[in-house]
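So the structure is just underneath, and the comments pick up after that.
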Ligand code: DAT
Ligand code: MG
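Residue numbers (the numbering used here): 358 to 513.
Written out as structure tokens, the structure reads:
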């Protein structure tokens with residue numbers, strides 16, 4: 358079944374510091390997804406804890422919270438057909454050695470702790486994560502792009 362979805366994507370601090378913002382955005386644009394929200398920001402301790410609450414108690418949690426605050430992130434909202442799974446496919450698996458060549462993490466990450474990019478894993482987490490970083494007034498969905506053309510064609 359076709360599904361038009363929104364997802365939260367972030368270029369993490371290591372990706373920003375390495376100058377990979379344009380490269381990462383390009384890959385989602387190339388797929389035909391629609392960029393509807395974009396900002397650079399420093400993650401606060403409260404945002405970090407809300408974002409990664411599901412990992413609280415795990416051995417890597419403290420380092421994860423520290424890492425996401427180690428520099429600015431580029432926070433984005435993307436929209437399109439099967440956008441959540443599609444963006445995760447473009448990102449690749451959490452561990453770079455398990456990610457397929459051609460994905461962001463296989464191409465640019467060495468270790469799972471610094472894997473360059475974040476993407477929501479379900480519709481529920483997407484909406485939860487979007488609300489941490491964006492006010493709905495900051496979402497710009499009122500323009501046509503490739504994603505909408507593709508979905509229109511499927512509706513015929
Ligand atoms: P993903 O980012 O692929 O959705 P996740 O939600 O399971 O992965 O974990 C969030 C982040 O936490 C992940 O990008 C890197 C870090 N992480 C996950 N598992 C880890 C582990 N076993 N050791 C260290 N860091 C880990
Ligand atoms: Mg995750």
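Idealized CB from N, CA, C, for every residue including glycine.
Every value quoted in this text rests on a predicted model; they were computed, and no experiment measured them.
Check	Outcome
Sufficient close CB pairs (3 or more, under 8 Å) joining the segment 388-398 to the segment 426-437	yes
Secondary structure, beta strand (DSSP E): runs of 3+ residues fully inside the segment 444-500	474-476
Three-state class that DSSP yields for residue 375 in the structure shown	coil
Cβ-heavy atom distance, residue 475 to the ligand DAT, below 7 Å	yes
Any non-hydrogen atom of the ligand DAT closer than 7 Å to residue 469 Cβ	yes
Enclosing alpha helix (DSSP H) for residue 403 [first to last residue]	402-408
Anticipated Cβ contact below 8 Å, residue 463 with residue 449, distance rounded	5 Å
Touch test, the segment 370-377 against the segment 485-500, Cβ-Cβ under 8 Å, three pairs minimum	no
Below-8 Å beta-carbon distance, residue 434 vs any chain C residue	Considering every chain present, this structure includes no chain C. It has just one protein chain.
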